[in-house]
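Colleague: So the sequences go chain by chain: A and B. Under my numbering, the first residue of the first sequence is numbered 1, with each subsequent residue one higher. Under my numbering, the first residue of the second sequence is numbered 1001, with each subsequent residue one higher. Cβ atoms here follow ideal geometry from the backbone N, Cα and C, with glycine treated the same way.
Number of protein chains: 2
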Amino acid sequence: MSQLLFRTLREAPQDAEVESHKLLARASYIYRLSSGVYNYLPLGQRVLNKINSIIRSKLDSVGAQEMFMSVLQPVDIWDESGRSADFGALLPAFQLEGRSGHYVLGPTHEEVATRIVSTYAKSYKDLPVTIYQIQTKFRDEARPRFGLLRTKELIMCDAYSFDVSKEKMVDSYEKLRIAYDQIFKELDLEVTPVEAKSGAIGGDVNHEYMVPSPIGEDTFVSCFSCGYSANTEIAKKRNLSQEEIDSINKSITERFNTLIPEEVLTPGDGSIEEVAGTLNLKDSKESFLKTYVLKDKEDKTKTVFIVVNGDRQIKVPNELEAFEKEDFLNSGLIKGFVSPYNLDPNFNVKVICDYEILKVPESGYVVGANKENYHVTNVVPFKDFKIDEFADVASVQSGDSCPKCNSSLTLIRSVEAAHTFQIGLKYSNAMKNAEFLDSDGGTKPYYMGCYGIGVSRLLAVIAEKHHDSDGLIWPSAVSPFDVVIVPLLASKDDRVKMTANRVYEDLSQICDVLFDDRELSPGVSLADADLIGITLRVVISPKTLISECAEVKDRRTGSIELVKLEVLAQHLSSLLVE
Amino acid sequence: MSQLLFRTLREAPQDAEVESHKLLARASYIYRLSSGVYNYLPLGQRVLNKINSIIRSKLDSVGAQEMFMSVLQPVDIWDESGRSADFGALLPAFQLEGRSGHYVLGPTHEEVATRIVSTYAKSYKDLPVTIYQIQTKFRDEARPRFGLLRTKELIMCDAYSFDVSKEKMVDSYEKLRIAYDQIFKELDLEVTPVEAKSGAIGGDVNHEYMVPSPIGEDTFVSCFSCGYSANTEIAKKRNLSQEEIDSINKSITERFNTLIPEEVLTPGDGSIEEVAGTLNLKDSKESFLKTYVLKDKEDKTKTVFIVVNGDRQIKVPNELEAFEKEDFLNSGLIKGFVSPYNLDPNFNVKVICDYEILKVPESGYVVGANKENYHVTNVVPFKDFKIDEFADVASVQSGDSCPKCNSSLTLIRSVEAAHTFQIGLKYSNAMKNAEFLDSDGGTKPYYMGCYGIGVSRLLAVIAEKHHDSDGLIWPSAVSPFDVVIVPLLASKDDRVKMTANRVYEDLSQICDVLFDDRELSPGVSLADADLIGITLRVVISPKTLISECAEVKDRRTGSIELVKLEVLAQHLSSLLVE
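Right, here's the structure in full:
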């Protein structure tokens, strides 16, 4: 420990918002060189090496082949795939001009993988092929944060599968899922694969591997009853049948028949926050209906209102796009004050409402009055405005009904640990020669899958899931050392020193041991051991030696026991395989 | 083998000039994505992984600690060390502008290492510290060539040592030398550490680890008698004493007393090539004396001529710099035709000659006539021009005398496999807080060493040293597989198929085995096995089975023997540890 490049920091870095970041920095696992750019100190690198070994062994076991692609990618292969159009918000890639070439610093490697496989696997006999690499990726993040969770430079394990057909692609996808499950199991992470948006990668089916965590930037929806799970961006909730809608319509109309809509002055921009303030309805977003004004992408003269509860986000149907400023001017609609209430009957609009608006609150809804600086209260659907269609156009919330089994859905904040995609033909169709000779003599494009695990991010995810107020608690498979030996009062007691040295020699034969030879005060030594979080701590002190014992603490359970020195090695071995 | 991402290419890439490049490309080890940018295919990655394991184990064994620094380096730390001034020719670094920062893509990591160590090792008790990483480096090479030997993106293992004193720095340097020796021994590379120029890294003492090779871009000088070795850029040759010079002066003057200098018309730029052409003296560069015109850096009015043999390069003394175009105009000297012969006696110049010009050829030297388009032949030093001083100002050639033992020196073309530097205080003095608290209570700057092995380059160096006309020949420590099994006529002979399968299962228990299950013609299978170059080849055919044998070929020696199946595993094991 006196030789280890390591220094306990009392204070966490100022920009550290989450525990994993604070602890990894304080215990000398990571060093921040600049915003979103981290360096891995010896303790951190030991954990990374162990994570990488696990990943390699599991991916190798399903037949994936390791390779190493370049960081520098000529921009022309991104032009070829069509993705250079996505550079910016969707794909925040770093670009640079060299002496002789314009490069992208690989944020991902679909294009390069396609180019390589289509050079070497030209026949159906060469397929399936799954390649992977563990490598540094680069993303010009606008807002790096949460330590290793969102950075500009990150370590990833990315894999790419190539198959002769959609069915075979699904087989490869399933193989990788099995490998991923095994990897996360070894890392002691409970991970839920959820359906998600494909973003800049592409393809129809894809799954995020989510680790529930209160610091998560993602949220997924889960049904504990049937197992349905999806990212909230695309999660579905149960649709109501026409029969159910008719019945609700009837009951609403009866229940609210005495409620009279009332126009109220609400000066400002018409935002829910502002109107709620004016009406003293703070924290009651669910009393509002939000009306989004959209138009058909194909026939831009067709105007559509999408009406959702004030506490939900809209899910925009694919065929619609946003109203522009000019559209508002032409239509006479007043931005911030639009609603389906009190519309000119000659105004041609289709009103699509989310099912959830049918759970009408006690005093109806607040909606825009279609009049500058005015809203209307006590508004009731059906009774006070016409509805053309119901659809699942609003985000899911906890308590909504599962689309598969009708049980209650739960929203779970989470961190993404991995993301896999059934890409299909996107890159094979776009790129030159991305085809193989099939058994029938014809050439066909590859069906492709793509798979990514955030390796450096895992360091943070594991730390986030496994720590307590004293420090980190590494699962034994990735602990930087298996055991830390802490001799107490060694400078004053020769027997402690000699015994500790001997135990260190012995244990070093069977596992990775860190030896605290610093001869600091017991308090400092024990606190450092807890902070670093090595799975097992062995204390040797004048007191433990009275009974020829060492004290063994399992950092995972907190359990402490005295163990006879003669069976210490055996005892530790049994704890490590747990 | 049917699953391996691999395809034998009959033709080497057009830009492949050297065997290592041709073979690594043809045998599917590497894929060139663009100029100087390579990707490592599964076979190549397997070799890299093995090289990396060897490096890690040897560096760990001398107490070096692995970490992982970032590729993205804010340019301001290069300003701090003063090296941003070197960007360009000396340090061809890629730079880029991100959303929020100007970065250099790490071509090397002295600044980052210094910053990190000076954060975590603040006391003399924390020293020595040696850290290392295996990582991708970036250099904007003007002329990438020779496959992996000069690239824009390369894998390096770089290490940095930090010590309390110069003596301790030398101790750390020696430890790393021992580790390096062990690494190269395992890689079966004969490496000579030679003294070299420090270039952009800095420090007084440094060594290049040279592998002799006819394709080398470096040349070093070696004395087989005393072991002196140095890069030709800085190599010394024996200096003559004043007594020796006086004696030679006397003998020259006597020997050449009948030789009369003769002016000859040599129109053109005055280059040796052109003048030699005019005078029909081709391939006789040694008959010329070259005169370099320089000036003192401090006192620019002081002009100096450096005179060296026409077949040698000048070694410019540190205190001098080149004459500019303007200087030529002011001085009246005629570029291309300058020499110390027939100079105006009032022209103030110091003439420094290399010792080697005293080996005067039969008919004297050809020198410039200090007159446009004219040279002079039959010129003899001392007799025909004055000499102010002798010095070691010309490059070394084979046959020159060793500066240490006076034996004959040999020039050896070579490839650089590693480079180590005793940097001293360069970075500690330049960078903020790069100091530690010493035992006497004072703060002192770190003494630093820096060490680099070209990992991806090693792939090429090993391939260059170990191949024959059939293909690559991997040393067993880095062979992508230990054994390749080639069944012949398996599709026609069930016994071959079954035996080969069983042998594959058995051998897989004890080593890495590649199995050629492609059922191609014997010629293709055997040629592929030779090309890939796996250390041991096991052929199982109807013929070998007659005697219950397999044929074992050791690719390193070419030896072929029939080995009984029952002792095959044992036999292969013994060959692998050789």
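Check distances from the C-beta atoms of the segment 169-186 of chain A to those of chain B and list, in chain order, the residues that come in under 8 Å.
Modeller: Residues passing the 8 Å Cβ filter: none.
Colleague: Residues of chain A with CB closer than 7 Å to the CB of residue 1006 of chain B, please, in chain order.
Modeller: Locating residue 1006 of chain B in the second sequence gives position 6, counting from the first residue. The answer, in chain order, is 120.
Colleague: How many Å lie between residue 412 of chain A and residue 397 of chain A at the Cα?
Modeller: Counted from its first residue, the first sequence places residue 412 of chain A at position 412. Counted from its first residue, the first sequence places residue 397 of chain A at position 397. Computed Cα separation, rounded: 10 Å.
Colleague: With distances taken Cα to Cα, identify the nearest neighbour of residue 587 of chain A among A/541, A/391 and A/408.
Modeller: Since the displayed chain A opens at 1 and closes at 578, residue 587 of chain A lies outside it and no answer follows.
Colleague: Pick from A/294, A/325 and A/299: whose alpha carbon is nearest that of residue 317 of chain A?
Modeller: The count along the first sequence starts at 1 and reaches residue 317 of chain A at position 317. If we check each option's Cα against that of residue 317 of chain A, A/294 comes out closest.
Colleague: What do you reckon, are the CB atoms on residue 422 of chain A and residue 203 of chain A nearer than 9 Å?
Modeller: Along the first sequence, one-based indexing puts residue 422 of chain A at 422. Along the first sequence, one-based indexing puts residue 203 of chain A at 203. It is a contact, given that the beta carbons lie within the stated cut-off.
Colleague: Pair every Cβ in the segment 1110-1126 of chain B with every Cβ in the segment 1140-1153 of chain B, then say whether three or more of these pairs are closer than 8 Å.
Modeller: no
Colleague: Cα-Cα, which of B/1185, B/1241 and B/1369 is closest to residue 1265 of chain B?
Modeller: Numbered from 1 along the second sequence, position 265 holds the residue referred to as residue 1265 of chain B. The option with the nearest alpha carbon to residue 1265 of chain B is B/1369.
Colleague: Please report the residue range of the beta strand (DSSP E) in which residue 368 of chain A lies.
Modeller: The residue given as residue 368 of chain A occupies position 368 in the first sequence. Note, residue 368 of chain A: beta strand (DSSP E), 365-368.
Colleague: If the criterion is Cβ atoms closer than 9 Å, does the pair residue 463 of chain A and residue 29 of chain A meet it?
Modeller: Against the first sequence, residue 463 of chain A aligns to sequence position 463. Against the first sequence, residue 29 of chain A aligns to sequence position 29. Yes, these two residues count as a Cβ contact at 9 Å.
Colleague: Take residue 1534 of chain B as the anchor and find which of B/1228, B/1333, B/1453 and B/1482 has the nearest alpha-carbon.
Modeller: Here the question's residue 1534 of chain B lines up with position 534 in the second sequence. Among B/1228, B/1333, B/1453 and B/1482, the Cα nearest to that of residue 1534 of chain B is on B/1482.
Colleague: Am I right that residue 496 of chain A and residue 490 of chain A are in contact with their C-beta atoms under 8 Å? What's the rounded C-beta distance?
Modeller: In the first sequence, counting from the first residue as 1, residue 496 of chain A sits at position 496. In the first sequence, counting from the first residue as 1, residue 490 of chain A sits at position 490. Going by Cβ atoms, the distance from residue 496 of chain A to residue 490 of chain A rounds to 5 Å, so yes, they are a contact pair.
Colleague: Would you call the segment 1377-1392 of chain B in contact with the segment 1246-1264 of chain B, where contact means no fewer than 3 C-beta pairs closer than 8 Å?
Modeller: By the C-beta criterion, the segment 1377-1392 of chain B is judged to be in contact with the segment 1246-1264 of chain B, since at least 3 inter-stretch pairs fall below 8 Å.
Colleague: Flag this pair as yes or no: are the beta carbons of residue 389 of chain A and residue 334 of chain A separated by less than 9 Å?
Modeller: Indexing the first sequence from 1 puts residue 389 of chain A at position 389. Indexing the first sequence from 1 puts residue 334 of chain A at position 334. The answer is no: Cβ separation not under 9 Å.
Colleague: Would you say residue 1526 of chain B reaches chain A, if we count a Cβ-Cβ gap shorter than 9 Å as a contact?
Modeller: Counting from 1 along the second sequence, the entry for residue 1526 of chain B is found at position 526. Closer than 9 Å: no.
Colleague: For residue 1096 of chain B, return the contacting residues in chain A, with the cut-off set at a CB-CB distance below 8 Å.
Modeller: Locating residue 1096 of chain B in the second sequence gives position 96, counting from the first residue. Within chain A, the residues near residue 1096 of chain B are 94, 95, 96 and 105.
Colleague: Are the CB atoms of residue 1051 of chain B and residue 1455 of chain B nearer to each other than 9 Å?
Modeller: For the purposes of this step, residue 1051 of chain B is taken as residue 51 along the second sequence, with counting starting at 1. For the purposes of this step, residue 1455 of chain B is taken as residue 455 along the second sequence, with counting starting at 1. Yes, the pair counts as a contact, with Cβ atoms nearer than the cut-off.
Colleague: Using the C-alpha atoms, what's the distance from residue 1114 of chain B back to residue 1103 of chain B?
Modeller: By 1-based counting over the second sequence, the position of residue 1103 of chain B is 103. By 1-based counting over the second sequence, the position of residue 1114 of chain B is 114. Using only the alpha carbons, I get a separation of about 18 Å.
Colleague: Give a yes or no on whether the minimum CB-CB distance between residue 136 of chain A and chain B is below 9 Å.
Modeller: Here residue 136 of chain A refers to the residue found at position 136 of the first sequence. Judged by the 9 Å Cβ criterion, residue 136 of chain A is in contact with chain B.
Colleague: Determine whether the Cβ of residue 146 of chain A lies closer than 9 Å to any Cβ atom of chain B.
Modeller: For the purposes of this step, residue 146 of chain A is identified with residue 146 of the first sequence, where counting begins at 1. Closer than 9 Å: no.
Colleague: Does DSSP put residue 1321 of chain B in a helix, in a strand, or in coil?
Modeller: In the second sequence, the residue the question calls residue 1321 of chain B occupies position 321. If DSSP states are grouped into helix, strand and coil, residue 1321 of chain B belongs with the strands.
Colleague: Roughly how far, in whole angstroms, is the beta-carbon of residue 1447 of chain B from the beta-carbon of residue 1424 of chain B, given that I think they are within contact range, below 8 Å?
Modeller: Taking the second sequence and counting its residues from 1, the one referred to as residue 1447 of chain B is at position 447. Taking the second sequence and counting its residues from 1, the one referred to as residue 1424 of chain B is at position 424. Indeed, because the Cβ distance is near 6 Å, the residues count as touching under 8 Å.
Colleague: Alpha carbon to alpha carbon, what distance is there between residue 19 of chain A and residue 1170 of chain B?
Modeller: Here residue 1170 of chain B is taken as the residue at index 170 of the second sequence, counted from 1. Here residue 19 of chain A is taken as the residue at index 19 of the first sequence, counted from 1. Each residue's alpha carbon lies about 42 Å from the other.
Colleague: Quick one: what's got a C-beta closer than 6 Å to residue 1477 of chain B's C-beta in the same chain, skipping five residues either side?
Modeller: Your numbering for residue 1477 of chain B matches position 477 in the second sequence. Within the same chain, Cβ atoms closer than 6 Å to the Cβ of residue 1477 of chain B are found at 1186, the five residues on either side in sequence being excluded.
Colleague: Can you name the residues of chain A whose CB is closer than 7 Å to the CB of residue 1427 of chain B?
Modeller: Here residue 1427 of chain B refers to the residue found at position 427 when the second sequence is read from its first residue. Within 7 Å Cβ-Cβ: nothing; residue 1427 of chain B doesn't reach chain A, min ~15 Å.
Colleague: Please name the residue in A/251, A/66 and A/134 whose C-alpha comes closest to that of residue 1041 of chain B.
Modeller: What you label residue 1041 of chain B is simply residue 41 of the second sequence in a count that begins at 1. Closest option to residue 1041 of chain B, Cα to Cα, is A/66.
Colleague: Do you know offhand how far residue 1291 of chain B's Cα is from residue 1230 of chain B's?
Modeller: Residue 1291 of chain B sits at position 291 when you count from the first residue of the second sequence. Residue 1230 of chain B sits at position 230 when you count from the first residue of the second sequence. Each residue's Cα considered, the two are about 25 Å apart.
Colleague: Could you give the uninterrupted runs of the beta strand (DSSP E) lying entirely in the segment 65-127 of chain A, keeping only those of 3 residues or more?
Modeller: 72-74, 95-98 and 101-105
Colleague: What does DSSP give as the partner residues of residue 212 of chain A in its beta bridges?
Modeller: Translated into the one-based positions of the first sequence, residue 212 of chain A becomes position 212. Per DSSP, A/414.
Colleague: Is DSSP giving residue 1566 of chain B helix, strand or coil here?
Modeller: Working through the second sequence from its first residue, we reach residue 1566 of chain B at position 566. Helix, per DSSP.
Colleague: Give the interface partners of residue 1099 of chain B over in chain A, defined as CB-CB distance under 7 Å, in chain order.
Modeller: Along the second sequence, one-based indexing puts residue 1099 of chain B at 99. For residue 1099 of chain B, the neighbours in chain A by C-beta distance under 7 Å run, in chain order, 140 and 142.
Colleague: Runs of 3 residues minimum, wholly inside the segment 1040-1068 of chain B: which ones carry the beta strand (DSSP E) assignment?
Modeller: none
Colleague: State the beta-bridge partners of residue 1435 of chain B as determined by DSSP.
Modeller: Counting from one through the second sequence, the residue named residue 1435 of chain B turns up at place 435. The partner list for residue 1435 of chain B (beta bridge, DSSP) reads B/1445.
Colleague: Taking C-beta pairs closer than 7 Å, name the residues in chain B that residue 38 of chain A reaches, listed in chain order.
Modeller: The residue labelled residue 38 of chain A in the question sits at position 38 within the first sequence. Correct list: 1070.
Colleague: Does the beta carbon of residue 483 of chain A come closer than 9 Å to any beta carbon on chain B?
Modeller: Translated into positions along the first sequence, residue 483 of chain A becomes position 483. Judged by the 9 Å Cβ criterion, residue 483 of chain A is not in contact with chain B.
Colleague: Compare the beta carbon distance of residue 1017 of chain B and residue 71 of chain A with 9 Å and say whether it is the shorter of the two.
Modeller: Along the second sequence, one-based indexing puts residue 1017 of chain B at 17. Along the first sequence, one-based indexing puts residue 71 of chain A at 71. No; because the gap between Cβ atoms is not below 9 Å, this pair is not in contact.
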